[in-house]
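Following: one structure in structure tokens, then a few remarks.
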Amino acid sequence: MASRAELYAEQSLEKHMCSPVRHGSGFSAVRSAVAVAKLLAAVFCLSGATTASADTETTTTQDGFVAIFDGKTLDGWSVMPSTAKQAWKAEDGKIVGDGDLGRSYLQFDGNTKIADFELKFKYRFPKLRGNSGVNVRSIKDETGKRLFKSYHVDLGHVGIGDNVLGAWDFHTPGRKEHGVPRGKRLMIDEDDNATYSDLKDAIAVQEIKKGDWNDVHVIVKGNYYRFSINRKPSAEFVEHLPPAKRLQKGAIQLQLHDPGMVVEFKDLLLKVIK
335 MASRAELYAE QSLEKHMCSP VRHGSGFSAV RSAVAVAKLL AAVFCLSGAT
385 TASADTETTT TQDGFVAIFD GKTLDGWSVM PSTAKQAWKA EDGKIVGDGD
435 LGRSYLQFDG NTKIADFELK FKYRFPKLRG NSGVNVRSIK DETGKRLFKS
485 YHVDLGHVGI GDNVLGAWDF HTPGRKEHGV PRGKRLMIDE DDNATYSDLK
535 DAIAVQEIKK GDWNDVHVIV KGNYYRFSIN RKPSAEFVEH LPPAKRLQKG
585 AIQLQLHDPG MVVEFKDLLL KVIK
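Quick note on numbering: the sequence shown equals residues 335 to 608 in my numbering.
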């Protein structure tokens, strides 16, 4: 049986707030300048300011999300397999994947052993057709059937069908490879058997923008997986397999599925819970 802590959780995740700045008194110009600096720092902290170092620029929002794409380079990312490196580029504040240059994944290397997290981003298919998505808790597939084992946030063009656009897909050789169509909720029992139900207030295909930017919010916490598109639930699942049979932690990877397509991502924000 799953532990109590692993059971289905819909409570809001803890918000991270900046600590208030305490100001000292003093009459010298130096102390006055320090006080002003601290006050400005507090204002920037509360408004989700951008902090920069010599090597990197990181934006942290008020609720703890961190930008993982600098809008200019693919620093902190790597292409899998490396032979398809030319398929991905940073351009005009976007990550762009061109399927004609190689089927592949773009992996976030800042943390490749993420367990629980929230991820927000925008995506679009400028050519109006395509099949993409995001691997979560992704690890190398030792069976050789796939490049990676993962749970997969499936995204495709409007019209591709509810088994792809807005669905969960299981890339899990060695166990059942379940699917969760858009608008559905899946419960997996201790023996890997599946029970489906309708997802309340789920997004309809008419609410997903064709050729334009759509917002995605992914939540992975324990044995609970959910994502929304344009602030409406898309698909979710809960699994009660023994922990040893589940994916516990791994990398986040963007997918480039087919030739003839282009996919674009921007505004990628990550909050790691553990």
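All C-beta atoms, glycine included, are put in the ideal place defined by N, C-alpha and C.
Discussion item. Buried or exposed, going by whether 16 or more other CB atoms sit within 10 Å of the CB of residue 589?
Written reply: By 1-based counting over the sequence shown, the position of residue 589 is 255. The residue is buried, with at least 16 neighbouring Cβ atoms inside 10 Å.
Worksheet item: By how many angstroms is the C-alpha of residue 495 removed from the C-alpha of residue 395?
Response: Counting from 1 along the sequence shown, the entry for residue 395 is found at position 61. Counting from 1 along the sequence shown, the entry for residue 495 is found at position 161. The alpha-carbon separation between residue 395 and residue 495 amounts to approximately 34 Å.
Worksheet item: residue 441: buried (16+ other C-beta within 10 angstroms of its C-beta) or exposed?
Response: Here the question's residue 441 lines up with position 107 in the sequence shown. By the neighbour-count rule (16 or more Cβ atoms within 10 Å), residue 441 is buried.
Worksheet item: So, is residue 409 buried or exposed, given that buried needs 16 or more other C-beta atoms within 10 angstroms?
Response: By 1-based counting over the sequence shown, the position of residue 409 is 75. Exposed: under 16 other Cβ atoms inside 10 Å.
Discussion item. Can you find the residues in the same chain that come closer than 6 Å, C-beta to C-beta, to residue 472, ignoring five residues on each side of it along the sequence?
Written reply: Locating residue 472 in the sequence shown gives position 138, counting from the first residue. Cβ-Cβ distances below 6 Å link residue 472 to 482, 484, 584, 585, 587 in the same chain, with the five nearest sequence neighbours on each side left out; the list follows chain order.
Item to complete: Return the CA-CA distance between residue 615 and residue 527, expressed in angstroms with no decimal places.
Response: Here the chain comprises residues numbered 335 to 608, so residue 615 is not present and cannot be evaluated.
Discussion item. In this structure, how does DSSP classify residue 452 when only helix, strand and coil are distinguished?
Written reply: Locating residue 452 in the sequence shown gives position 118, counting from the first residue. Reduced to three states, the DSSP call for residue 452 is strand.
Practice prompt. In the DSSP assignment, find the unbroken beta strand (DSSP E) run with residue 430 in it and report its ends.
Written response: Position 96 of the sequence shown holds residue 430. For residue 430, the enclosing beta strand (DSSP E) starts and ends at 428 to 432.
Worksheet item: Quick one: what does DSSP say residue 610 is sitting in, helix, strand or coil?
Response: As displayed, the chain neither begins before 335 nor continues past 608, which places residue 610 out of reach and without an answer.
Worksheet item: In or out: residue 480 buried (at least 16 other Cβ within 10 Å) or exposed?
Response: Along the sequence shown, read from residue 1 onward, the residue named residue 480 stands at position 146. Residue burial annotation: residue 480 is exposed, with fewer than 16 other C-beta atoms found within 10 angstroms of its C-beta.
Worksheet entry | Buried or exposed by the 16-neighbour rule on C-beta atoms within 10 Å, applied to residue 573 | Taking the first residue of the sequence shown as 1, we reach residue 573 at position 239. Residue 573 comes out buried.
Discussion item. Can you give me the C-alpha to C-alpha distance between residue 437 and residue 421, rounded to a whole angstrom?
Written reply: Within the sequence shown, numbered from 1, the residue matching residue 437 stands at position 103. Within the sequence shown, numbered from 1, the residue matching residue 421 stands at position 87. Here the alpha carbon of residue 437 sits roughly 8 Å from the alpha carbon of residue 421.
Worksheet item: Quick one: any contact between the segment 445 to 460 and the segment 544 to 554, if contact means 3 or more CB pairs under 8 Å?
Response: At 8 Å Cβ cutoff, the stretches touch.
Worksheet item: The beta strand (DSSP E) spanning residue 587 covers which residue range?
Response: Indexing the sequence shown from 1 puts residue 587 at position 253. In this chain, the beta strand (DSSP E) harbouring residue 587 covers 585 to 590.
Fill in: CA nearest to the CA of residue 504, picked from 595, 419, 491, 522
For this step, residue 504 is matched to residue 170 along the sequence shown. When each option's Cα is compared against that of residue 504, the closest is 522.
Worksheet item: Rounded to a whole number of angstroms, what is the C-alpha to C-alpha distance between residue 464 and residue 439?
Response: Within the sequence shown, residue 464 is the residue found at index 130, counting from 1. Within the sequence shown, residue 439 is the residue found at index 105, counting from 1. Rounded to whole angstroms, residue 464 and residue 439 show a C-alpha spacing of 15 Å.
Fill in: Cβ-based burial, residue 516 [other Cβ within 10 Å; buried from 16]
For this step, residue 516 is matched to residue 182 along the sequence shown. Flag for residue 516 reads buried.
Practice prompt. Look at the Cβ atom of residue 467, then the Cβ atom of residue 487, and state whether they are nearer than 8 Å.
Written response: In the sequence shown, residue 467 corresponds to position 133, counting from 1. In the sequence shown, residue 487 corresponds to position 153, counting from 1. For the 8 Å CB-CB criterion, residue 467 and residue 487 form a contact.
Worksheet item: Taking the beta strand (DSSP E) that residue 414 falls in, what are its first and last residues?
Response: Counting from one through the sequence shown, the residue named residue 414 turns up at place 80. Element bounds for residue 414: 411 to 414.
Worksheet item: Among 541, 426, 603, 416, which one has its Cα closest to the Cα of residue 500?
Response: Walking along the sequence shown from the start, residue 500 turns up at place 166. For residue 500, the nearest C-alpha among the options comes from 541.
Practice prompt. Would you mind working out which of 415, 492, 525, 532 sits nearest residue 474, comparing C-alpha positions?
Written response: Along the sequence shown, read from residue 1 onward, the residue named residue 474 stands at position 140. Cα-wise, what sits closest to residue 474 is 415.
Item to complete: Return yes when the Cβ of residue 402 is within less than 8 Å of the Cβ of residue 444, no when it is not.
Response: Residue 444 sits at position 110 when you count from the first residue of the sequence shown. Residue 402 sits at position 68 when you count from the first residue of the sequence shown. Yes, Cβ-Cβ distance for residue 444 and residue 402 is below 8 Å.
Worksheet entry | Closest by C-alpha distance to residue 434, when choosing among 419, 448, 398, 476 | In the sequence shown, residue 434 corresponds to position 100, counting from 1. Nearest C-alpha to residue 434: 419.
Item to complete: Consult DSSP for residue 481 and reduce its assignment to one of helix, strand or coil.
Response: Here the question's residue 481 lines up with position 147 in the sequence shown. Here residue 481 sits in coil by DSSP.
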